[in-house]
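Take 723 as the starting number for the sequence shown in the working numbering and just add one per residue.
Every residue gets a Cβ at the ideal spot worked out from N, C-alpha and C, and that includes glycine.
Here is the structure we will look at, set down as structure tokens.
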Amino acid sequence: QRRLLVAGGSFTRVHQSSGSIITGGLALWDENSRQWGALGGVPLHGIALAVLVKGTEIFVGGRFTGAGDVSAASVAVYKASKGIASQGIRLDATGNVERSGIAGTGGGSWQAMGEGVKGMVYALAAGQATDVYVGGRFHLAGGVRVENVARWEGVEGTGSGGYWAGLVDSDCLRLHSGVCGVDGDVWALAFVGEYLYVGGQFASAGGKPARNVARFFSGVWEGVGKGVHGAVHVL
């Protein structure tokens, strides 16, 4: 059984005794072969700020324009066909291509998640079935007007198919025109049972007071107690 670690950040390559591998802001460490690699054999074109492993899929959020030849706006998914594969271009000490380095097994491909999001992604969380929740600083997800948090609803058996939706509070929509999401940056997402908890730096969620932490369930936003005095970075 392969033991793999996904690392994301603002780096551009990883180093080994035999040279370095161009990875972009996302790399894979294979504990079995003791090698670094670029996920899927291609670099991420930008910075990875959030990673979510869900089955044989790796979701990545951050600030980037694509992975390899796939255009993807700040969020993408690597779908593995036979486990997680990691390949990369190995460079010698002078920066010239030396040979291909491989870590991990199986095959797969990078895929865009619709039109992605227009902005930054700071957090990812796994929902039920094929749902993935995305938080950050953005107001459009797949062309849908949202406020800093959205849901990607994958469609099984359709490759990269799926659609974006906002986390809508019907009570809020009756009182306010436009979109009712979170009115500031979302930096953390976590599920406790069926409740999605959201942390960040904001004053309201769904049009209701929520000091930097809120929760969402079945179409209703609510604050968590009286909130916290200061930003929430992790949940």
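Hey, how far is the Cα of residue i from the Cα of residue j?
| i | j | result |
| --- | --- | --- |
| A887 | S740 | 46 Å |
| V950 | N934 | 6 Å |
| F781 | A798 | 6 Å |
| P931 | V736 | 44 Å |
| G763 | A912 | 30 Å |
| R812 | E837 | Because the pLDDT of R812 is 46, which lies under 50, any placement of that residue in the model is unreliable, and the number read from its coordinates should be weighed accordingly. The straight-line gap from Cα to Cα measures roughly 32 Å. |
| R873 | G941 | 12 Å |
| Y844 | L771 | 6 Å |
| V728 | G921 | 23 Å |
| T852 | V877 | 7 Å |
| L889 | V946 | 17 Å |
Look at residue i and residue j and say whether their C-beta atoms are less than 9 Å apart.
| i | j | result |
| --- | --- | --- |
| G790 | I769 | no |
| G841 | G858 | yes |
| D752 | L726 | yes |
| A760 | S793 | no |
| H861 | W909 | no |
| W943 | A927 | yes |
| V871 | V854 | no |
Run the CB neighbour count on residue i, radius 10 Å, all protein chains shown included, and call it buried at 16 or more, exposed below.
| i | result |
| --- | --- |
| G903 | buried |
Where DSSP assigns a beta bridge to residue i, which residues make up the other side?
| i | result |
| --- | --- |
| V942 | F939 |
| S793 | G788 |
| V954 | BP columns for V954 are empty, so no partner. |
| G739 | Per the sequence shown, residue 739 should be read as Ser rather than Gly. Bridge partners of S739: none, in fact. |
_Any beta strand (DSSP E) of 3 or more consecutive residues that is wholly inside the segment 903-937_ = 907-914 and 917-923
*Identify every run of the beta strand (DSSP E) within the segment 847-893, keeping only runs that are complete inside it and at least 3 residues long; order them along the chain.*
853-863, 871-876 and 884-888
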